[in-house]
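In what follows, a structure is listed as structure tokens, so that the remarks can point back to it.
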Amino acid sequence: MSDAAMFDTLAYAKKLKSAGFTEEQAEIQAEALAGIIDEKLATKQDIRDLSRDIKEMEIRLKHDLTLRLGAMLAAGMAIIATIVKLIS
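Numbered per my numbering, the sequence shown spans residues 17 to 104.
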């Protein structure tokens, strides 16, 4: 099992046995649950990677928006200058 979550399959199987499950049922159930946890639960590294990706995306978006705003301001100034020349 990876370090996704520390799941004690032995303790879980013992609890199942004390609740009336057979040893085989308890072991299969514990292994199945450990597999689900291992497969579906995000690790701390997964979360750090996702956080890094989000920060990188935020930086790219800010950069893109800054460029677009600059382009719009330049276009607006050009339009205003053209209108002023036409009016004068």
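Cβ coordinates follow ideal geometry from the N, Cα and C atoms, glycine included.
Boundaries (first-last residue) of the alpha helix (DSSP H) holding residue i
{"i": "ALA46", "result": "39 to 56"}
{"i": "ALA29", "result": "25 to 34"}
Under the three-state DSSP convention, the category residue i falls into
{"i": "ALA90", "result": "helix"}
{"i": "MET22", "result": "coil"}
{"i": "SER67", "result": "helix"}
{"i": "THR59", "result": "coil"}
Span separating the alpha-carbon of residue i from that of residue j
{"i": "ASP24", "j": "GLU72", "result": "37 Å"}
{"i": "LEU102", "j": "ILE96", "result": "10 Å"}
{"i": "ILE52", "j": "ARG76", "result": "35 Å"}
{"i": "ARG64", "j": "HIS79", "result": "23 Å"}
{"i": "LEU85", "j": "ALA91", "result": "10 Å"}
{"i": "MET22", "j": "THR82", "result": "45 Å"}
{"i": "ILE99", "j": "ALA58", "result": "58 Å"}
{"i": "GLU74", "j": "ARG68", "result": "10 Å"}
Sequence-distant residues of the same chain with beta carbon closer than 8 Å to residue i, five excluded per side
{"i": "LYS33", "result": "GLU39 and ALA42"}
{"i": "LEU89", "result": "none"}
Sequence-distant residues of the same chain with beta carbon closer than 6 Å to residue i, five excluded per side
{"i": "TYR28", "result": "ALA46"}
Cutoff 7 Å; reference residue i; Cβ partners in own chain excluding five residues on either side
{"i": "LYS105", "result": "Summary: the structure shown does not reach residue 105, with the chain confined to residues 17 through 104, and so no result is reported for it."}
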